[in-house]
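Here the sequence shown stands for residues 12 to 78, numbered as in my numbering.
We put the CB at the ideal spot given by N, CA and C, even for glycine.
These notes concern the structure reproduced below.
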Amino acid sequence: MMKGFQGKMCPRCHHAQMKRWTDLSGDEKFLAERLPMSFEFSAEERKKHLFCPRCWFEDIDRTTQTV
Ligand SMILES: [Zn+2]
C-alpha cells in the first residue's frame, strides 16, 4: 500500500475509496477505457491516475510528480 494513497476521496461525489488503475477490476477497466480522458492520456499515463468507481471521476494525481 502506497503512503498517502489510502483515504483519497473523490472530489466530485465524495466516494472515499478512489482506485488506481491496477486496483480496478476487469469490468472497471473496460469502463475506464471509455472515459473522455483516454483521448488525452496514454495508457501508461493513466496508470498514474486515480479513478472513482462510483462516478468515474479521473484524478490526475500530480502530487507524486515533482514539478
Ligand atoms: Zn466520484
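- Bounds of the alpha helix (DSSP H) holding D38 are G37 to A43.
- Under DSSP, L46 shares a beta bridge with no residue.
- The shortest C-alpha to C-alpha distance from K59 to any of D70, R65, H26 and E51 is the one to D70.
- For the 8 Å CB-CB criterion, M29 and C63 form a contact.
- Judged by their CB atoms, F68 and R23 are nearer to each other than the 8 Å cut-off.
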